[in-house]
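If you read the sequence shown in my numbering, its first letter stands for residue 997, the second for the next number, and so on.
By construction, the Cβ of each residue, glycine as well, lies at the ideal position given by its N, Cα and C atoms.
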Amino acid sequence: MCVPDKSGEVSRRSRYSQGKDDRLKIPLWSETFFWFMTPIVKLGGDITFDRLPRLPAEDDVGMLLERFQALWAKRKDDSSITLRNTVLELLAPRFQLLTLWMILSIAAEASQPICIGVLVRDLRKGEFDRLGLDYALCIFLGVTALVNSLAFQQVLWGGARCGMRAKLALSAALYRKVLTLDSTALLSDSASQMTNLISTDVMRLEMTAMFFHNIWGAAMSLVVCAVLTGVVLGTAAIPGIVFLLLLFVLQRVVGLRIGKIRRRVVAETDRRVKLMQDVLSGSTAIKVNVWEDAIGGRVRALRAREASSIAHSLTLLAALEAFIFFAPGFAAFLALTADHYVSGLGDGEVKLEDAYTTLALFSILVKQLNVFPRAIKAFDESKVSFARVARALALPELHSGQTATLPA
997 MCVPDKSGEV
1007 SRRSRYSQGK
1017 DDRLKIPLWS
1027 ETFFWFMTPI
1037 VKLGGDITFD
1047 RLPRLPAEDD
1057 VGMLLERFQA
1067 LWAKRKDDSS
1077 ITLRNTVLEL
1087 LAPRFQLLTL
1097 WMILSIAAEA
1107 SQPICIGVLV
1117 RDLRKGEFDR
1127 LGLDYALCIF
1137 LGVTALVNSL
1147 AFQQVLWGGA
1157 RCGMRAKLAL
1167 SAALYRKVLT
1177 LDSTALLSDS
1187 ASQMTNLIST
1197 DVMRLEMTAM
1207 FFHNIWGAAM
1217 SLVVCAVLTG
1227 VVLGTAAIPG
1237 IVFLLLLFVL
1247 QRVVGLRIGK
1257 IRRRVVAETD
1267 RRVKLMQDVL
1277 SGSTAIKVNV
1287 WEDAIGGRVR
1297 ALRAREASSI
1307 AHSLTLLAAL
1317 EAFIFFAPGF
1327 AAFLALTADH
1337 YVSGLGDGEV
1347 KLEDAYTTLA
1357 LFSILVKQLN
1367 VFPRAIKAFD
1377 ESKVSFARVA
1387 RALALPELHS
1397 GQTATLPA
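Written out as structure tokens, the structure reads:
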């Protein structure tokens, strides 16, 4: 439990004013294995403000806001594409380095089925004169499993950390914007709408940063799976690969549909928020004229349409995830069934090592495909969110030294 410590806060602030650098140090080795958490875990007892180390500069909201404003000021236009590029530049180079972790994860995972196939073949044929190689392959399997787990965890954790930084920077920029809006902007954008931007749209941009690398990672895994399965089974691999390609097309179609629903939900949410603002500001007139039932009906109707659109989006996502859950196994079944008939023209049997290798290769896609629907959903929704946040940041501001008074 965190206990406020006023004296600790004063003490810590005095250390800041003295220029002491007491930020949490996170070297590469500690970051890779999450050892940077050890100093915090070892604190024990009541955790006071004075005992906590300062965040690294790259995670400090003040630093992030300052960097974002400097980068945003250099841009020549206020489009959503410009905002996206600004956020990417803000997250560099960490966000780009996650690409290397994803490639390492895919390479480590793709090498395992080949090793399994060789081991199964040696066991089936009883070739024990290659025990040295087989033991080396077993050790290599353990190493690749460790590397794959470590690399993929870095992708997930690094993506979450980049998403958190994007969220902090954009939220701070929007809060600052709220305090500097001029009177013309207040006519079209209320504090409630700006709060909706921060609570909803910025969160979706955070999810996009978290899952972005899973989009191209899933496509790359499919290519690797297709190539290696083609080497093992030849033309018999075509039915399974075609099925997975159709699945990717289906995911893209559903993703576009979810994106359209998201735009509709945003418009309905803004209308509801604007109506509620008008209701609160005119509550006295509504009470005097006995308009409660009429206004209540309008609010319920808007909320019902909004809830229906959200339910539609979640239903599509749930159905797609349920379909994806068994897709790699069914693709392997199609490939092995085709191999059985193709082999029937020759020796009439499917080799045991080919079956194990094929099942392992298609299993590579399970992890990627489970995340892929949410990654596509976040990516499609981010287009709407980027446009809304960019529009808000481009609103006219008051002159220097003035502060806006927003309607509730």
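{"Query": "Among V1269, L1060, E1027, D1118, which one has its Cα closest to the Cα of Q1150?", "Result": "E1027"}
{"Query": "To the nearest angstrom, how far is it from the Cα of V1380 to the Cα of R1387?", "Result": "11 angstroms"}
{"Query": "Compare the C-alpha of V1385 against each of I1022, D1074, D1042 and name the closest.", "Result": "D1074"}
{"Query": "L1177 bridges to which residues according to DSSP?", "Result": "E1393"}
{"Query": "Which same chain residues, not among the five before or five after F1358, have their C-beta less than 6 angstroms away from its C-beta?", "Result": "P1324, A1327, A1328"}
{"Query": "Can you round the beta-carbon distance between A1331 and T1225 to whole angstroms, since I take them to be within the 8 angstroms contact cut?", "Result": "6 angstroms"}
{"Query": "Select from V1238, R1172, L1060 the residue whose C-alpha is nearest the C-alpha of V1223.", "Result": "V1238"}
{"Query": "Please list the terminal residues of the continuous alpha helix (DSSP H) segment that includes V1261.", "Result": "1234-1277"}
{"Query": "What's the C-alpha gap between Y1171 and L1389?", "Result": "10 angstroms"}
{"Query": "If you count every other CB in all the chains shown that lies within 10 Å of the CB of C1134, and 16 or more means buried, which is it?", "Result": "exposed"}
{"Query": "Could you tell me the alpha carbon to alpha carbon distance between I1099 and L1048, rounded to whole angstroms?", "Result": "36 angstroms"}
{"Query": "Give the range of the alpha helix (DSSP H) segment to which W1097 is assigned.", "Result": "1090-1121"}
{"Query": "So, is the C-beta of D1350 closer than 8 angstroms to a C-beta in chain C?", "Result": "Although the question refers to chain C, the structure presented lacks it and comprises just one protein chain."}
{"Query": "Report buried or exposed for G1255, applying the criterion of at least 16 other Cβ atoms within 10 angstroms of its Cβ.", "Result": "buried"}
{"Query": "If you reduce the DSSP assignment to three classes, tell me which class R1299 lands in.", "Result": "helix"}
{"Query": "Using the Cβ count rule (16 or more neighbours within 10 Å means buried), how would you classify R1200?", "Result": "buried"}
{"Query": "By Cβ distance below 6 angstroms, which residues in the same chain neighbour V1198 in space, the five residues on each side in sequence not counted?", "Result": "K1163, L1166, S1167"}
{"Query": "Let me check understanding here. Comparing Cα to Cα, which of L1298, V1284, G1251 lies closest to T1265?", "Result": "L1298"}
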